[in-house]
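**Student:** Counting along the sequence shown from 1, when you hit position 27 you're at 67 in the numbering used here, and nothing is skipped either side. We treat Cβ as the ideally placed atom computed from N, Cα and C, and that holds for glycine.
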Amino acid sequence: MSNNELEKNRYRKLAGTKGEVYEKPLNKVGLMNIVNRIKPQFNKYVIDEYVKSKNMVVLRLPPYHCELNPIELAWSSV
41 MSNNELEKNR YRKLAGTKGE VYEKPLNKVG LMNIVNRIKP QFNKYVIDEY VKSKNMVVLR
101 LPPYHCELNP IELAWSSV
């Protein structure tokens, strides 16, 4: 199975698990349009909503940044 076919299967599965109904066969561009349309509905974290309700802000740090995430310094010595 080619990479393109694997990606299309992944997009089909995502659309199906979110309750999206579409006609088969559908090309990759059509599937991506569906995914991009429904993605914002499910692109929220529970903790972000909770913190927002308490009038606070979550500060997200870049992942794997050794100066901002001290655990990275610990892992560098392992």
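For L71, count the other beta carbons within 10 Å of its own beta carbon; 16 or more makes it buried, fewer makes it exposed. Which is it?
**Tutor:** Working through the sequence shown from its first residue, we reach residue 71 at position 31. Buried.
**Student:** Have a look at V98 and H105 and give me their C-alpha separation to the nearest angstrom.
**Tutor:** As a first step, residue 98 is located in the sequence shown; it is residue number 58 there, counting from the start. As a first step, residue 105 is located in the sequence shown; it is residue number 65 there, counting from the start. So the two alpha carbons sit approximately 17 Å from each other.
**Student:** Under DSSP, the alpha helix (DSSP H) around P110 begins and ends at which residues?
**Tutor:** For this step, residue 110 is matched to residue 70 along the sequence shown. Where P110 is concerned, the enclosing alpha helix (DSSP H) stretches over 110 to 116.
**Student:** If you follow the alpha helix (DSSP H) that V98 is part of, which residue opens it and which one closes it?
**Tutor:** The count along the sequence shown starts at 1 and reaches residue 98 at position 58. Annotation for V98: no alpha helix (DSSP H) segment contains it, and DSSP assigns it neither H nor E.
**Student:** Which of the three DSSP states, helix, strand or coil, is assigned to K94?
**Tutor:** Residue numbering aside, residue 94 sits at position 54 when the sequence shown is read from its first letter. Reduced to three states, the DSSP call for K94 is coil.
**Student:** Are the beta-carbon atoms belonging to N109 and P103 less than 9 Å from one another?
**Tutor:** Mapped onto the sequence shown, residue 109 falls at position 69. Mapped onto the sequence shown, residue 103 falls at position 63. It is a contact, given that the beta carbons lie within the stated cut-off.
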